[in-house]
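The numbering used here applies: residue 5 is where the sequence shown begins, and numbers increase by one.
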Amino acid sequence: MKIAALMLPALLLSTSAFAQTQVNITETAPVVTLNVSEAVEASPDIAMVGTGVETRAPTAKQAMADNAAQMTNLIAALSKAGIAKKDIQTSGLRLSAQYDYSARNPDGSQAPAKFVGYEAANQLSVTLRDVAKVGDLLDRMVAAGANSISGPTFSIADPKPLLVQARGAALKSAKTQADFYAQQAGFRTARLVSISESNSGGGQPMPMMDRMMVAKAAPTPIEPGQVSASVSLTVQYALER
C-alpha cells in the first residue's frame with residue numbers, strides 16, 4: 005500500500021506535464037469579405053507563333069521524308085532570320101493514313117472508304133522577341149515551306165512589374181470599399197484580417213490563320229495591340245468601433 009501511495013503523485017505529475025492546451029481565437033467583430041480584381045495594360049514584347057509543314061505521299065516513308073526535308077528548310081530559315089534555337093520547339097509530330105469517303109454506291113449509299121495515302125505533319129512553337137517583325141517573319145516561314153500557321157499570341161516576357169501595379173490597385177480598391185462599409189454601418193474603422201490572391205500574366209487567345217498561305221510583296225500586317233496582367237484578391241476586413 006505504501007508503494008502505491010508513493011507512485012500516485014508521480015503519475016499525476018507525469019499526466020500534468022504532457023497535458024496540451026489548445027486556444028482558438030475567433031474574430032468577434034463583424035467581418036466583410038470582398039472580391040476585387042484589377043488589370044494593368046501594356047504593349048506586348050513577345051509573340052508566340054505556331055508553324056509547321058504538312059505533306060502527303062502514297063507511302064508513310066515518303067510522306068515523312070518529304071516532311072523532314074521541308075521542315076529542315078523551315079528551321080534553317082528561322083535561324084537565318086535571327087530566331088534563337090531556344091525559341092524554336094517541336095510541339096507536335098503526326099503521321100496518319102488518309103482515306104477518301106466521297107464515293108457512293110449506285111443506290112446512293114456510302115461506298116467503302118478508299119485509301120489514298122499518308123499525311124505527315126510536323127509543328128513548331130516559335131517565340132518571336134521583336135513584335136515589330138512578326139509580319140515579316142510569318143512571310144519568311146511561308147516562303148520557306150510552311151503551310152500551317154497559327155497565331156500570333158502576344159504577351160509580356162516579364163509580367164511581374166505589371167502584377168505589382170495591379171496588386172496595389174486591387175488592395176487600394178478593397179480598402180476603399182471596406183472603409184465605405186464600415187462608415188455606412190456605424191463603425192470607426194476596417195481592420196484587414198486576411199488576403200488571398202490569384203493572378204494572370206495576360207495574353208491573347210491564339211487565332212487560327214489560313215493553313216495554306218500565299219506570300220505577298222508587302223509583309224503581312226500584324227497589330228500587337230495591348231495585353232493585360234490582372235490580379236484578383238479575396239480580402240476580409242473586421243469592422244471595429
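Where a beta carbon is used, it is the ideal one built from N, C-alpha and C, also for glycine.
Asked: Distance between beta carbons of S177 and V40, contact taken as under 8 Å; Found: 5 Å
Asked: Inter-stretch contact at 8 Å, needing at least 3 Cβ pairs: the segment 39 to 54 / the segment 143 to 160; Found: yes
Asked: Selection from V57, S232 and A69 that minimises the alpha carbon distance to P165; Found: S232
Asked: Start-end ranges of the alpha helix (DSSP H) lying completely within the segment 83 to 165, minimum 4 residues; Found: 138 to 147
Asked: Nearest residue (CA-CA) to V135, options S204, G229, S83 and L175; Found: G229
Asked: Same chain, Cβ closer than 7 Å to A189, five either side skipped, listed in chain order; Found: L243
Asked: The beta strand (DSSP E) enclosing E201, as first and last residue numbers; Found: T193 to S204
Asked: Alpha-carbon to alpha-carbon, P110 and E58; Found: 34 Å
Asked: Nearest-angstrom Cα separation, counted from T76 out to D91; Found: 16 Å
Asked: Contacts around E227, its chain only, beta-carbon distance under 7 Å, and the 5 residues preceding and following it disregarded; Found: none
Asked: Buried versus exposed, by CB contacts within 10 Å (16 or more), A150; Found: buried
Asked: Whole-angstrom distance between L78 and R144, CA atom to CA atom; Found: 9 Å
Asked: Cβ-based neighbour list, L99, same chain, cut-off 7 Å, excluding 5 preceding and 5 following; Found: A64, A67, M68, Y122 and A124
Asked: Straight-line gap, L167 to A174 (C-alpha atoms, nearest Å); Found: 10 Å
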